[in-house]
Amino acid sequence: MQIRQSTADDAPAIHAVHTAAFRVHNPDVTGEMPEAKLVTELTADGDLLPALSLVALRDGEVIGHACSSPGRLDDDPDSAIGFGPLGVLPDHHRGGTGSALVHATIGAANALGYGLIVLLGDPGYYSRFGFVLAEKLGVTPPVPEWAPHFQALPLAAYHPGNRGAFRYAAAFDRL
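Per the UniProt record's numbering, the sequence shown starts with residue 1, numbered consecutively.
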């Protein structure tokens, strides 16, 4: 498997990955999957961080995608990023693709000097990478009901002042 930054040419494959990956969990959803639409809108808004939009390839085929977008932690627009969506083609689930994309994202975000990665996801999955419930770090979700699944990972540039209400990029509000 190879992991690299996505390019504009990857957009159709990325859309297909998120559509297939999330359709497995939501077979009753008709039309475009919200996660696929989110990536399209983050890109259109200029909020998909290029260095943190990563594709996993196997034999030249895009089989997974992970992306991040700017986040706002109270009045601080620079220390935290929102991670997701993360999608892997169903035929490649449980093969390490998702884990590789998460590890690559963490490494790249660390190298770029971010202090915190925030996400909404399954604590059983993301805790293996060091994510904790965000409330333990004083970070609150945009929607209070998300708290049991709202997680954060402190990076090397993290400091205890990185706390407060988290806001995702505008495309998340349009879901």
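C-beta atoms are modelled at their ideal positions from N, C-alpha and C, and glycine is treated no differently.
- Across the structure, T40 and H15 are spaced so that their CA atoms are roughly 8 Å apart.
- Put simply, of I106, L112, A152 the residue whose alpha carbon is nearest the alpha carbon of V118 is A152.
- By the Cβ rule, the region 73-81 does not count as touching the region 21-30, because fewer than three pairs are nearer than 8 Å.
- G84 has its alpha-carbon roughly 11 Å from the corresponding atom of A36.
- By the neighbour-count definition (other C-beta atoms within 10 Å, threshold 16), G71 is a buried residue.
- Annotation: the continuous alpha helix (DSSP H) that includes V102 extends over 97-111.
- Residues of the same chain with a CB within less than 6 Å of the CB of Y126, apart from the 5 flanking positions on each side, are Q151 in chain order.
- Within its own chain, the residues whose Cβ lies closer than 8 Å to the Cβ of L42, once the five positions on either side in sequence are excluded, are L48, C67, S69, A169, A171, listed in chain order.
- Note that the C-beta distance between L116 and L155 is below 8 Å.
- Under DSSP, R58 forms a beta bridge with E61.
- A straight line joining the alpha-carbon of I3 with that of P12 spans about 17 Å.
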